[in-house]
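Position one of the sequence shown corresponds to residue 0 (numbering that gives the first Met the number 0), numbered consecutively onward.
For reference, the structure is listed below as structure tokens.
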Amino acid sequence: MSASALADEPGFLEALFARRAVLVSLIVFLVILAAVILAPLIAPADPSAMSVRNRLAAPGGDYWLGADAFGRDVLSRLLYAGQISLTIGCGVALVASVVGIVFGLVAGFFRRLDGPVSRIVDAMMAFPDILLAIALVAILGGSMINVIIALSIVYAPRIARIVRASTLVIRELPFVEAAQALGSSTGFIMINHVLRNIVSPIIVQATFIFAYAMLAEAGLSFLGVGVDPSTPTWGTMINEGRQYIDQAAFLIFFPGIAISVSVLCLQLIGDGLRDALDPRIAKEL
Numbered sequence: 000m001s002a003s004a005l006a007d008e009p010g011f012l013e014a015l016f017a018r019r020a021v022l023v024s025l026i027v028f029l030v031i032l033a034a035v036i037l038a039p040l041i042a043p044a045d046p047s048a049m050s051v052r053n054r055l056a057a058p059g060g061d062y063w064l065g066a067d068a069f070g071r072d073v074l075s076r077l078l079y080a081g082q083i084s085l086t087i088g089c090g091v092a093l094v095a096s097v098v099g100i101v102f103g104l105v106a107g108f109f110r111r112l113d114g115p116v117s118r119i120v121d122a123m124m125a126f127p128d129i130l131l132a133i134a135l136v137a138i139l140g141g142s143m144i145n146v147i148i149a150l151s152i153v154y155a156p157r158i159a160r161i162v163r164a165s166t167l168v169i170r171e172l173p174f175v176e177a178a179q180a181l182g183s184s185t186g187f188i189m190i191n192h193v194l195r196n197i198v199s200p201i202i203v204q205a206t207f208i209f210a211y212a213m214l215a216e217a218g219l220s221f222l223g224v225g226v227d228p229s230t231p232t233w234g235t236m237i238n239e240g241r242q243y244i245d246q247a248a249f250l251i252f253f254p255g256i257a258i259s260v261s262v263l264c265l266q267l268i269g270d271g272l273r274d275a276l277d278p279r280i281a282k283e284l
């Protein structure tokens with residue numbers, strides 16, 4: 000059953016929110032998303048405005064979350080940095096899903112291409128994620144687009160393996176054989192009969208990749224090989240604040256909390272979607 004058909008069933012929302020933690024996570028993540036989108040309206044100050052007199056000011060007063068080493072408002076920078084971090088996470092999830100779907104469908108549907116494509120996917124997954132990402136960013140250069148491309152290459156094999164495994168099963172089912180016998184084109188069969196029936200695991204995995212990409216971007220930025228240091232992200236904020244950890248630990252604490260809470264929420268939402276979109280688990284719930 001496709002994800003859209005299952006989502007229309009009356010029990011989908013009940014299954015999705017069977018655990019209260021999933022509902023709370025969705026609400027918290029939507030609040031974070033709304034806050035970063037509305038940053039130009041709710042940020043208390045210009046994120047790039049400096050005030051040397053107030054450098055490393057403690058949280059409170061005019062600086063609700065304190066000021067960094069250049070006297071810039073941490074809360075404002077946190078909101079604007081969230082736009083970049085969430086954009087990278089969402090971009091990686093979308094691009095990796097598209098690339099993974101293409102490779103997975105090709106490998107699963109065409110027997111002659113299964114071997115070569117699977118070997119490429121396995122070889123890519125043999126490398127640790129962060130090391131492969133560092134190498135790709137070093138080759139492509141440090142920018143938001145290049146980070147999205149690099150992390151998409153890193154995480155696309157995860158989608159490809161899931162799509163391939165599901166395609167291998169579905170292509171042998173009677174309705175696919177019937178469509179082939181009726182003369183339906185290969186592209187039509189792959190999209191309308193195969194892809195539509197494997198949307199559920201793709202959505203779940205894309206949610207997890209969203210979270211993984213945010214963590215990976217923070218790691219790259221912390222190591223100084225991510226986006227341009229002048230572009231605020233939660234990772235670059237941690238990188239900038241680490242040298243002042245003895246004087247102003249809040250410079251690391253607040254962006255660290257933002258990353259942790261966002262990733263935890265995405266992971267719990269992904270777990271909820273997996274339970275709700277899997278008919279076998281949904282019936283147990």
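Built from N, CA and C at the ideal position, the CB exists for glycine as well.
Measuring straight from C-alpha to C-alpha, what distance separates residue i and residue j?
i: residue 135; j: residue 214; result: 17 Å
i: residue 232; j: residue 218; result: 11 Å
i: residue 82; j: residue 267; result: 21 Å
i: residue 129; j: residue 209; result: 15 Å
i: residue 118; j: residue 69; result: 50 Å
i: residue 169; j: residue 195; result: 11 Å
i: residue 140; j: residue 216; result: 14 Å
i: residue 289; j: residue 211; result: Nothing in the structure corresponds to residue 289, since the chain is present only between 0 and 284.
i: residue 88; j: residue 165; result: 25 Å
i: residue 146; j: residue 186; result: 31 Å
i: residue 271; j: residue 15; result: 5 Å
i: residue 116; j: residue 124; result: 12 Å
i: residue 285; j: residue 229; result: This structure gives no information on residue 285, because the portion of the chain shown stretches from 0 to 284.
i: residue 189; j: residue 20; result: 36 Å
i: residue 85; j: residue 244; result: 25 Å
i: residue 144; j: residue 262; result: 21 Å
Going by DSSP, what residues sit across from residue i in a beta bridge?
i: residue 270; result: Paired residue(s): none; residue 270 is not in a bridge.
i: residue 45; result: According to DSSP, residue 45 bridges with nothing at all.
i: residue 66; result: 72
Grouping DSSP H, G and I as helix and E and B as strand, with all else coil, what is residue i?
i: residue 81; result: helix
i: residue 227; result: coil
i: residue 59; result: strand
i: residue 20; result: helix
i: residue 92; result: helix
i: residue 247; result: coil
i: residue 239; result: helix
i: residue 171; result: coil
i: residue 157; result: helix
With a threshold of 16 other CB atoms inside 10 Å of the CB of residue i, please say whether the residue is buried or exposed.
i: residue 63; result: exposed
i: residue 242; result: exposed
i: residue 193; result: buried
i: residue 151; result: buried
i: residue 173; result: exposed
i: residue 238; result: buried
i: residue 126; result: exposed
Curious, which full-length alpha helix (DSSP H) runs of at least 4 residues does the stretch 186-232 contain? The qualifying runs are 198-222.
Which parts of the stretch 106-141 are runs of the alpha helix (DSSP H), unbroken and 4 residues or longer, counting only runs that do not cross its ends? Whole alpha helix (DSSP H) segments, 4+ residues: 110-124 and 128-139.
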